[in-house]
Structures are given as C-alpha cells and as structure tokens.
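Chains as they are written, first to last, in this note's numbering: chain A, 46 to 347; chain B, 750 to 1089.
Heads up, the beta-carbon is just placed ideally off N, CA and C, and yes, glycines get one too.
All figures in this text were calculated on a predicted structure; none of them were measured in a lab.
A short worksheet on the structure shown next.
Listed below in structure tokens is the structure:
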C-alpha cells in the first residue's frame, strides 16, 4: 500500500549526499581544470603514441598508391611469409589452448605437491626475453648443440626450418591461455564440478558440460591474445628462422627485411596486414569484454 | 600456390610438428635448389645474379633451379651456418667470417681462400665518405674528420665489417702520414672517435642514422652502400674519395659439408664460378661493387673513381692479426673508446 514511497526514500538517500561531496570536496577530488588537463594529456598521449603510429602505417603503405600496395602484398615472398605466419599460428594456438586448459584444470581443480612450481613454470616464458627463448632452441637443436649432431645425421631439421619457428612460438605464447583461465577457474571454485560428479557424471562429461561452458568466454579471450602474439612474435622467431626468403620468413621478419631494403612502401604494406590482424583481434576482444562484463573482470590484467 | 598452401596447412593441422617435418622435406626435394647465406647489403646484387645463373644452369643442364637467399649481418650469418643453417654457399663481406665457419664449424677446409681466384673474392668494395650536399664542413680527407665540430657517423667496429674497415683505414692513413708511427696512429684514431656521436651495430643502422635521422656531417661506409643511398634517397648527398682507403674483399666459399650432404657440390661450384664469369663480373659492376677482374673494372671506370687502396694483409699482416690487435676484447679499439 504505502510501500512505494517508502521504497524510494530508502533507495535514494545513499546517492544524494555522496554526489555533491565528490564534486565539491577539495580533499578527495581535483579542481576541474586539473581533471581536464589530465584527461587531455592522456588523450594527446594516446593519440600521439598509439593512434598516430597506426595511422602512419596505413598512410605509408598507401603512399605510392593502391597498385604498389597490392603488388607488395601479392609478391611471392610476401605470400610465403603470410602462409608461414598463418601455419605457425594454426599449430601453436591449438597446442597452447590444449596445454593451457590442461594446466589451468590441474592447477585450479586439484591439489598436489609442486603446484606452485608448476605455476612458476607457466609464467617462465613471460619473464624470459624472447631472444633467450630463441637461443635455447639453438643450444638444444643447433649443429653445435646437444641434439644437433644426431639430428644432422638423421636429417631432421628443427632450427632454421618450420619446426623451430613453431617451437619458439609455442614457447613464447604458452602462458596466455593458462594465465587467462587460472584466476577465472579459481574464482569459480569446484562446487559445480562436485555437484556434477555427485550426480553421477563421468569426469569427461563434467568437463564438457560444466567446466567448459563456464570458462568458454575466458578461454576465447586467452586464445585471441595467444593468437595475436603468435602472429606478431619477432625476437624468438628471428633467432631460429635463418631468414631464408620465401621459406622461413614470417610476416614480422619480412617487414624488417623490406624496410632494410629501403622498400618502405612494401614494408608498410605488409605491416598494415599485421596491424589489421591486430585490429581484428582488438575488436573481438572488446566484443568479448562487453559480452562478459563481470566474468572477465577477475582476469582483466593485460 | 593454393595447392601448396593446402598441403602445408593440412600437414600442419593434421598431425602437428611431426608431419610438418616430413612435409618440408618433400617440398625441398622436388627441384634443384641452392641456399646462399649472404650478408646484408648484397640483396640487390643477388636479385640480379641469381636469375642470370639459373638461366645459364638451365641452358647447360636442362634443370630448373631455385636459389634461396638468407641475408643478415655478416658475422651473425656465419654464426647461423655454424649452428646448422645448411648453406651450400656463403658469400660474405669479410674473410674472418668464413674462417670462423671453417674453424668452429669444421664445415669447409681452412684453406678455402685458395680454391677460387683472387683469394676467393670475385669482387671488392672500399670505404668512401658521404657528405651532405655542398659539403658544408669542407671534408676532403681523413684529417678533416678529426677537426673540432665535425660529427662522423660509422657503425661499431666490434660488430660490423664496414666499421672495422673504416677504423683500419683511419689508422693506416695516420700511420703513413706520420712516418709509420703506431703511437701517432693511435692518437689520431682516438681523436677521430671523439667526433663520433653514435655507434650503430650495423652498416644499415648507420645509414639510417645519417640519412633519415639527419645526424652527423659525414658517413663512412662501403662504396656500394653509398651508391644505394644516392639512388634511393635522392641527390641530397655528395661522395668524397679520400687520399687513401682500404680494399674490402667480398669472399665466397662452398660450404663443402652441407653441399656434399645435399648432393650439390657441382652446382655450388658452378654457382661460385659464375661470380667470376664476364656476366657475373658485369652484374657486380652494375651494382656498384668493384669486380675483381681488372678488365671489367676498367670498362666501368666511369662509375668507379680511381682510389688509392691498401689491403688489410699488407698493412696489418692478416685479418686474424688485425682482429687480435684492434678488435678483440680489451684491444686497441676498447682502450681508445673507453678512455675519455
């Protein structure tokens, strides 16, 4: 009966006294001009350091006209580089998705000795410089390395060939999926799984019907980040690639070569392809964040 | 091309790394191929030489040929070959790098230089000065580079071939100008490096610093790089030929162990011999690299100014000796560059 007005007065009061406080109290807020200045500075910084270079890539790429752009992108070496980059990503990303899920599953749903050690290991590729990541494979598989002589005798090629590039990429992008899933799964706890198991589901059923649907958005987010890095990786791949044109040059390496050849338009044309891949990733990521809202809030650290 | 993509992708997706391994082997086998591991600035030259050789090879044997190229800093490339980059031939800007492949990798005989004419160097280049248009600082010779207010750009002698050559040329110039005094040479080179604001790690880096970032009054680099800068970046620069400079040989070699493994010894030899053929020598000349054959060099005299050159062997004994005395850790260059 008289519950409507009472409800309103109960909901509104907490908001009203706070708003003027925030706007006027000089102790907990800044002067308007300070806020404007800071916002403007942030925007100028973003425009100057992020937007401008991105625009510059496309402007430089199209400087000599669309014809030059298409020629650069259709060059056999460029096509080989694009193929190779896609091939490497097509191997590295599924592998790391699988590893990432397994690792996150093991870490969050089970307790075992050495768990902390495993988490540290997962983080290792983040903390190691990409050059070192590449060099470890040279040390292991190189002709002067541990397995080199044996591999040379049996005609296995790892470094300076596609397998080495895949290995280096897998290593560098390993943590992305696992790191994305671990906090999410930790927060979700094991209650759902326990309920499923106690109702008679098998382990596989529990994973497919309970765990996977719970983590699907977070997983997709991790896969996107992993993919972006797999396609863009330069340092580690540069060490193990051997830079053979048309064979072991990935897109980032191809961009560098073209640039060093004074072939600026072509370098920026291929760079613009990479930038477009990044933009697509970014749009997908924003879409996921919008879709997920709170679910991702726990994991949004990148 | 699509078929090729599909084959690669399906191999990759289907069974991962193991299949990718065998897939690569299959692609490599279906055509005669040759891998040339080379240095950075030789790219343009090989873009012209490789098709010419492939055509000659096809006429001679009827076999189609694909030549793969890998380019990078000369020493870095040598390191990659030692680590297992299976080059059939190496083409470098510095004999030390091939020595390293022979000694550390044991991939070719130590006496590799005796296998082809002119100490296995079908071409050579030299260090010249590039100044800004109008030569505002009036730079004519080495002694102008040590004057106050002149900024000299060259790459790091520890990491780059042309840095090393420039350093040695400055040293030899000062030594000859001062009656053979090593001490005077050291003092001169010290003054010289006091005028160097930045040391890039490679020749291309130094070129970018000078031409794009507009730092410095004079760039010291190879003649072919100078020609490329003028061609690509317009007429904003002038070349200065100093009174004395150094002969920088570009040696080539068959990496016998890998070539034999691939069964390409004859092909690799023929490829290198093609560098010495009239056609090959002419392609060198057209790319501003001096051909070793004096007759061809004479024919292109218009593009190559007369230079008074010394070789590292006659001035410093040998490359390993020059390396040990000047560029090893703690040797002359380190002493000169470290002390204020």
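From residue i to residue j, what does the alpha carbon distance come to, in whole angstroms?
i                      : j                      : result
residue 1076 (chain B) : residue 956 (chain B)  : 22 Å
residue 884 (chain B)  : residue 828 (chain B)  : 40 Å
residue 42 (chain A)   : residue 318 (chain A)  : What the structure shows of chain A is the stretch from 46 to 347, and residue 42 (chain A) is not part of that stretch, so it cannot be assessed.
residue 294 (chain A)  : residue 200 (chain A)  : 21 Å
residue 889 (chain B)  : residue 840 (chain B)  : 33 Å
residue 1074 (chain B) : residue 309 (chain A)  : 40 Å
residue 897 (chain B)  : residue 93 (chain A)   : 38 Å
residue 774 (chain B)  : residue 274 (chain A)  : Confidence in residue 774 (chain B) is poor, its pLDDT being 42 and thus under 50, which makes the residue's placement unreliable; the coordinate value appears in the next sentence. Whole-angstrom Cα-Cα distance: 28 Å.
residue 794 (chain B)  : residue 786 (chain B)  : 13 Å
residue 88 (chain A)   : residue 331 (chain A)  : 19 Å
residue 140 (chain A)  : residue 176 (chain A)  : 22 Å
residue 1066 (chain B) : residue 1072 (chain B) : 10 Å
residue 960 (chain B)  : residue 982 (chain B)  : 8 Å
residue 1057 (chain B) : residue 985 (chain B)  : 26 Å
residue 86 (chain A)   : residue 258 (chain A)  : 42 Å
residue 1015 (chain B) : residue 965 (chain B)  : 48 Å
residue 1028 (chain B) : residue 835 (chain B)  : 27 Å
Interface residues of chain B around residue i at Cβ under 8 Å?
i                     : result
residue 292 (chain A) : 817
Using the three-state DSSP reduction, which class does residue i fall into: helix, strand or coil?
i                      : result
residue 826 (chain B)  : helix
residue 888 (chain B)  : coil
residue 260 (chain A)  : helix
residue 1155 (chain B) : Because chain B here runs from 750 to 1089, residue 1155 (chain B) falls outside it and cannot be looked at.
residue 904 (chain B)  : strand
residue 191 (chain A)  : coil
residue 271 (chain A)  : helix
residue 987 (chain B)  : strand
residue 770 (chain B)  : Unreliable placement is indicated for residue 770 (chain B), whose pLDDT of 42 sits below 50; no coordinate value is reported for it.
residue 938 (chain B)  : helix
residue 865 (chain B)  : coil
residue 247 (chain A)  : coil
residue 289 (chain A)  : strand
residue 165 (chain A)  : helix
residue 344 (chain A)  : Residue confidence for residue 344 (chain A) is low, a pLDDT of 49 falling below 50, so the modelled location carries little weight and cannot support an answer.
residue 792 (chain B)  : helix
residue 66 (chain A)   : With a pLDDT of only 48 at residue 66 (chain A), under 50, the local geometry of the prediction cannot be trusted, and no value is derived from it.
residue 1039 (chain B) : strand
Could you please give the first and the last residue of the uninterrupted beta strand (DSSP E) stretch that includes residue i?
i                     : result
residue 999 (chain B) : 994 to 999
residue 820 (chain B) : 814 to 821
residue 784 (chain B) : 781 to 788
residue 895 (chain B) : Here residue 895 (chain B) belongs to no beta strand (DSSP E), and DSSP marks it neither H nor E.
residue 839 (chain B) : 838 to 840
Among residues of its own chain, excluding the 5 on either side of residue i, which ones have a beta-carbon nearer than 8 Å to its beta-carbon?
i                     : result
residue 238 (chain A) : 154, 251, 255, 256
residue 336 (chain A) : 262
residue 180 (chain A) : 284
residue 246 (chain A) : 254, 255
Can you name the start and end residues of the alpha helix (DSSP H) that residue i belongs to?
i                      : result
residue 1019 (chain B) : 1014 to 1025
residue 1061 (chain B) : 1061 to 1065
residue 913 (chain B)  : 910 to 926
residue 1081 (chain B) : 1081 to 1087
Which residues in chain A have a C-beta closer than 7 Å to the C-beta of residue i? List them in chain order.
i                      : result
residue 981 (chain B)  : 307
residue 792 (chain B)  : 306
residue 821 (chain B)  : 288
residue 784 (chain B)  : 289
residue 1066 (chain B) : Those do not exist, as residue 1066 (chain B) stays about 29 Å from chain A at its closest Cβ, beyond 7 Å.
Listing by chain order, which chain A residues have their CB less than 9 Å from the CB of residue i?
i                     : result
residue 831 (chain B) : 187, 188, 189
residue 854 (chain B) : 188, 189
Taking 7 Å as the limit between beta carbons, can you name the residues of its chain near residue i, skipping five residues before and five after?
i                      : result
residue 1040 (chain B) : 872, 1030, 1033, 1034, 1046
residue 1042 (chain B) : 1030
residue 789 (chain B)  : 820, 821, 822, 951, 952, 953
residue 329 (chain A)  : 269
residue 904 (chain B)  : 911, 912, 948, 949, 950, 951, 952, 954, 955
residue 99 (chain A)   : 320
residue 156 (chain A)  : none
Cβ closer than 8 Å: which chain A residues qualify as neighbours of residue i?
i                     : result
residue 953 (chain B) : 305
residue 789 (chain B) : 305
residue 912 (chain B) : Result: empty, since nearest Cβ-Cβ is about 17 Å, beyond 8 Å.
The ligand NAP and residue i: does the residue's C-beta get closer than 6 Å to at least one heavy atom of that ligand?
i                     : result
residue 865 (chain B) : This structure simply doesn't include the ligand NAP, nor any ligand for that matter.
I want to see whether chain C comes within less than 7 Å of residue i, judged by CB atoms only; does it?
i                     : result
residue 288 (chain A) : Although the question refers to chain C, the structure presented lacks it and instead comprises the protein chains A and B.
Below 7 Å on C-beta distance, what does residue i contact in chain B?
i                     : result
residue 183 (chain A) : 832
residue 193 (chain A) : 833
Identify the contact partners of residue i in chain B, using a Cβ-Cβ distance below 9 Å as the criterion.
i                     : result
residue 197 (chain A) : 833, 835, 1010
residue 205 (chain A) : 819, 829, 832, 833, 834, 835
Give every residue of the same chain whose Cβ lies closer than 6 Å to the Cβ of residue i, excluding the five residues on either side of it in the sequence, and list them in chain order.
i                      : result
residue 842 (chain B)  : 788, 823, 910, 999
residue 1090 (chain B) : The question about residue 1090 (chain B) has no answer here: the residues shown for chain B are numbered 750 through 1089.
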